[in-house]
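Shown next, in structure tokens, is the structure this report addresses.
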Amino acid sequence: PVTKPWGQTVAYVRCPDGTLVELCTAMS
């Protein structure tokens, strides 16, 4: 996970079928 300058935490995972999925915290 990476914390962006605006405070949001973002991570990426790849599904077994190759699809890239972004997981992130809500922006306030």
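No gaps in the numbering here: position 23 of the sequence shown is 47 in the working numbering, and each next residue is one more. Just so it is clear, CB atoms sit at the ideal spot from N, CA and C, and this is done for glycine as well.
Taking the C-beta atoms as reference points, V34 is found nearer than 8 Å to P25.
Non-local C-beta neighbours of S52 in its own chain, meaning closer than 8 Å and more than five positions away in sequence, comprise G31, ordered along the chain. In this structure, DSSP gives A35 an extended state, which the three-state scheme calls strand. Rounded to whole angstroms, the gap between the alpha carbons of K28 and T43 is 23 Å. Collapsing the DSSP output to three states places T49 in coil.
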